[in-house]
Amino acid sequence: MFRLFSSNMAFFTHQIQRSFSSSVVRNVVIKNVTIIGGGQMGAGIAQEVAASTGHSVTLVDMTDDILKKAMKGIQGSLRRVVKKKFSDDPESGDDFIQKVMQNVSTTTNPAAAVTTSDLVVEAIVENMKIKQDLFGFLDKMAPEHTIFASNTSSLPISDMASATSRPDRCGGLHFFNPVPMMKLVEVVATSSTSPETSESLLNFTKALGKTPVCCKDTPGFIVNRLLVPYMMEALRLHERAGHGSKEDIDIAMKLGAGYPMGPFELSDYVGLDTIKFITDGWREKEPDNPLFAPSDLLNKLVAEGKLGKKSLEGFYKYNK
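Here the numbering used here is used: the sequence shown runs in plain steps of one and ends on residue 326.
Written as structure tokens, this is what we have:
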């Protein structure tokens, strides 16, 4: 994704020259938000910010077609919201949608977008090199006070922050999918994140009506560090012949533990390629950790393109 952005780098670098001091910027009041990435997560975050706080949001992606699709998705999601929230007053519902949409603008020019940003949130592909290149580039364009945050679910924030001159103003804002529905946000602090930055991110999260939890910059933070090994252990249990079919394991966890989805249903929902990507990355850093041991069945399904609900087949088959 960043490769397409980088073609504008030389042009903007000579136009925008900024010097950064090493002093800590005090609590930032976040008003203008730039979100890099117009996929499902980026669009969801843009909708939530624009709808909950009325902040000005700029959504950035590579092409106008991607951005048009994102805006159409936001509009459709808002219609579902107003159907419930304004069921007795459709006129007010239409006004609400119009006001939210007015708070969201789009551009394919990330360098220009961040020049007035108080907060930049990246929600792009889970590739460290691309994220570092993006942060390193935008670091030269954004004002000194701007906070950089990542929506990554598995990659170290500190590695991204190392590509900038502002590691004290970098952190994580891990939203959950679907963003408008899920109340939790993991606010991640690295060893370099300043208390002021953490406080600004916590206050911003609360302003969205979310419930933040504070996390250290460890693999998977809190939720995925517990959830991904749980799904992998269910898979290993199934792989051991006679220890439980995937259907029985799913039913057991739903009825016995009260989970809304069993581990195989959840794996299909998350995406088997995503689970493999996360565990492969963790295993590189901790090769002897049994929690991150590979699964032959998972590798086989991913190699066959059976990725879960998004490909209509994973552990289960799905209709369109």
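Note that CB positions come from ideal geometry on N, CA and C, so glycine has one too.
Cβ contact check for the stretch 233-253 and the stretch 193-207: 3 or more pairs under 8 angstroms: Judged by Cβ distances under 8 angstroms, the stretch 233-253 makes no contact with the stretch 193-207, as fewer than three pairs qualify.
Which stretch, first to last residue, makes up the alpha helix (DSSP H) that contains Ile281? Locating residue 281 in the sequence shown gives position 275, counting from the first residue. Unbroken alpha helix (DSSP H) run through Ile281: Leu278 to Lys291.
Residue ranges of each beta strand (DSSP E) within the stretch 293-322, 3 or longer: The qualifying runs do not exist here; there are none.
Through-space distance from Ala57 to Pro186, alpha-carbon basis: Translated into the one-based positions of the sequence shown, residue 186 becomes position 180. Translated into the one-based positions of the sequence shown, residue 57 becomes position 51. Distance between the alpha carbons of Pro186 and Ala57 is about 9 angstroms.
May I ask you to verify whether the stretch 232-244 touches the stretch 281-293, counting CB pairs closer than 8 angstroms and requiring at least 3? Between the stretch 232-244 and the stretch 281-293 there are three or more inter-stretch CB-CB distances shorter than 8 angstroms, so the stretches are counted as touching.
What residue from Thr122, Ala52 and Lys90 has the CA that sits closest to Met107's CA? The residue labelled residue 107 in the question sits at position 101 within the sequence shown. Measuring C-alpha to C-alpha distances from Met107 to each of Thr122, Ala52 and Lys90 identifies Ala52 as the nearest.
Please state if the CB of Asp274 and the CB of Gly226 are separated by a distance shorter than 7 angstroms. Within the sequence shown, residue 226 is the residue found at index 220, counting from 1. Within the sequence shown, residue 274 is the residue found at index 268, counting from 1. No.
Extent of the continuous alpha helix (DSSP H) run through Leu232: Numbered from 1 along the sequence shown, position 226 holds the residue referred to as residue 232. Run containing Leu232: Val229 to Glu245, per the alpha helix (DSSP H) assignment.
Check whether Ala76 and Gly50 have beta carbons under 7 angstroms apart: As a first step, residue 76 must be located in the sequence shown, where it is residue number 70. As a first step, residue 50 must be located in the sequence shown, where it is residue number 44. No, the pair does not count as a contact, with Cβ atoms beyond the cut-off.
List the whole-angstrom C-beta distance separating Asp145 from Thr170, where the pair is believed to meet the contact cut-off of C-beta under 8 angstroms. Residue 145 sits at position 139 when you count from the first residue of the sequence shown. Residue 170 sits at position 164 when you count from the first residue of the sequence shown. Yes, they are in contact, since the Cβ atoms of Asp145 and Thr170 sit about 4 angstroms apart, within 8 angstroms.
Please give the ranges of any beta strand (DSSP E) in the stretch 120-197, keeping only runs that are unbroken, at least 3 residues long and fully inside the region. 125-128, 153-156, 176-181 and 190-195, all fully within the stretch 120-197.
In angstroms with no decimal places, state the Cα-to-Cα distance between Phe92 and Gly142. Against the sequence shown, residue 92 aligns to sequence position 86. Against the sequence shown, residue 142 aligns to sequence position 136. For Phe92 and Gly142, the distance between alpha carbons rounds to 44 angstroms.
What residue does the alpha helix (DSSP H) around Asp211 start on, and which one ends it? Within the sequence shown, residue 211 is the residue found at index 205, counting from 1. With the sequence shown as reference, residue 211 is identified as Thr, and Asp is not the correct amino acid for it. Pro201 to Ala213 is the span of the alpha helix (DSSP H), which, as asked, contains Thr211.
Would a C-beta distance cut-off of 7 angstroms place Ser123 and Asn38 closer than the cut-off? The sequence position of residue 123 within the sequence shown is 117, counting from 1. The sequence position of residue 38 within the sequence shown is 32, counting from 1. Result yes, Cβ atoms of Ser123 and Asn38 sit closer than 7 angstroms.
Selection from Asp101, Ser206 and Lys135 that minimises the alpha carbon distance to Ile153: If you number the sequence shown from 1, residue 153 lands on position 147. For Ile153, the nearest C-alpha among the options comes from Ser206.
For Leu243, I'd like the list of residues in its chain whose CB is within less than 8 angstroms of its CB, leaving aside the five on either flank, ordered along the chain. Within the sequence shown, the letter at position 237 stands for residue 243. If we look at Leu243 and ignore the five residues flanking it on each side, its Cβ neighbours are His249, Gly250 and Ile255.
On a Cα-Cα basis, can you pick out the residue from Ile42, Leu278 and Cys176 that is closest to Lys316? Stepping through the sequence shown from its first residue, residue 316 is reached at position 310. For Lys316, the nearest C-alpha among the options comes from Leu278.
If you draw a straight line from the alpha carbon of Val55 to that of His61, how long is it in whole angstroms? Taking the first residue of the sequence shown as position 1, residue 55 is located at position 49. Taking the first residue of the sequence shown as position 1, residue 61 is located at position 55. For the pair Val55 and His61, the Cα-to-Cα distance works out to about 6 angstroms.
Limits of the alpha helix (DSSP H) - the one that Val34 falls within: Here residue 34 refers to the residue found at position 28 when the sequence shown is read from its first residue. Judged by DSSP secondary structure, Val34 falls outside any alpha helix (DSSP H); it is assigned neither H nor E.
DSSP state of Pro218 mapped onto helix, strand, coil: Looking up residue 218 in the sequence shown gives position 212. Collapsing the DSSP output to three states places Pro218 in a strand.
Alpha carbon to alpha carbon, what distance is there between Asn230 and Val276? Mapped onto the sequence shown, residue 276 falls at position 270. Mapped onto the sequence shown, residue 230 falls at position 224. Using only the alpha carbons, I get a separation of about 11 angstroms.
Could you tell me the distance, in whole angstroms, from the CA atom of Val63 to the CA atom of Lys216? By 1-based counting over the sequence shown, the position of residue 63 is 57. By 1-based counting over the sequence shown, the position of residue 216 is 210. C-alpha separation (whole angstroms): 18 angstroms.
Should the stretch 161-170 be regarded as contacting the stretch 128-138, the criterion being three or more beta carbon pairs within less than 8 angstroms? Taking 8 angstroms as the limit for Cβ pairs, the verdict is that the stretch 128-138 does touch the stretch 161-170.
Would you list the one or two residues that DSSP bridges to Ile42? Here the question's residue 42 lines up with position 36 in the sequence shown. DSSP lists Val66 and Glu128 as partners of Ile42.
In or out: Arg172 buried (at least 16 other Cβ within 10 Å) or exposed? Within the sequence shown, the letter at position 166 stands for residue 172. It counts as buried.
Looking at the unbroken beta strand (DSSP E) that takes in Leu93, where does it start and where does it end? Position 87 of the sequence shown, counting from 1, holds the residue named residue 93. According to the sequence displayed, residue 93 carries Ser and not Leu. No beta strand (DSSP E) holds Ser93; DSSP gives it neither H nor E.
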